[in-house]
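Since the structure comes first, as structure tokens, the remarks are kept for the end.
Residue numbers (our numbering): 38 to 173.
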């Protein structure tokens with residue numbers, strides 16, 4: 038009986054580790070999908086010269102439909118002015134963007150560690166720039 042009680046205690050203590058590994062894999066896959074959606078949107082924005090409302094809407098739709106994230110939780114900060122390609126490099130003609138998407142669960146079993154739901158989340162941010170390919 039004593040061995041059984043010890044076994045149960047050990048199982049309870051070791052259970053969070055495989056669950057955390059599975060959650061890490063899930064979050065990694067989510068981040069990879071977000072990166073691919075942002076890359077696609079960035080390539081479209083390079084052709085247009087900026088992130089159009091249509092491109093932003095498509096990006097938000099891709100993320101919300103496939104990752105179960107609410108639309109109003111996603112933040113997209115971009116230049117709203119068309120940039121044109123020039124023969125010489127000019128950093129003013131770069132398209133800057135910043136996309137923030139919340140990741141709700143970071144720790145698999147937060148109650149064991151005393152972590153609240155508000156603390157058990159993070160924001161995945163993709164920030165960068167691209168050279169415009171739009172010709173004036």
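Glycine residues also receive a C-beta, built at the ideal position from the N, C-alpha and C atoms.
Quantities reported herein were computed from a predicted structural model and do not represent experimental measurements.
Identity of the residues DSSP links to residue 164 by a beta bridge = 135
Distance, Cα to Cα, residue 140 vs residue 38?
-> 43 Å
Helix, strand or coil for residue 124, going by three-state DSSP, please let me know.
-> coil
Classification of residue 47 by the beta-carbon crowding that lies within 10 angstroms, buried from 16 upward = exposed
Reduced DSSP secondary structure (H/G/I, E/B, other) of residue 101 | helix
List the endpoints of the continuous beta strand (DSSP E) containing residue 77.
-> Where residue 77 is concerned, there is no enclosing beta strand (DSSP E), although the alpha helix (DSSP H) it sits in stretches over 53-85.
Apart from the five residues just before and just after residue 133, which ones in its own chain have a Cβ nearer than 6 Å to its Cβ?
-> 116, 166
Helix, strand or coil for residue 92 per DSSP?
-> helix
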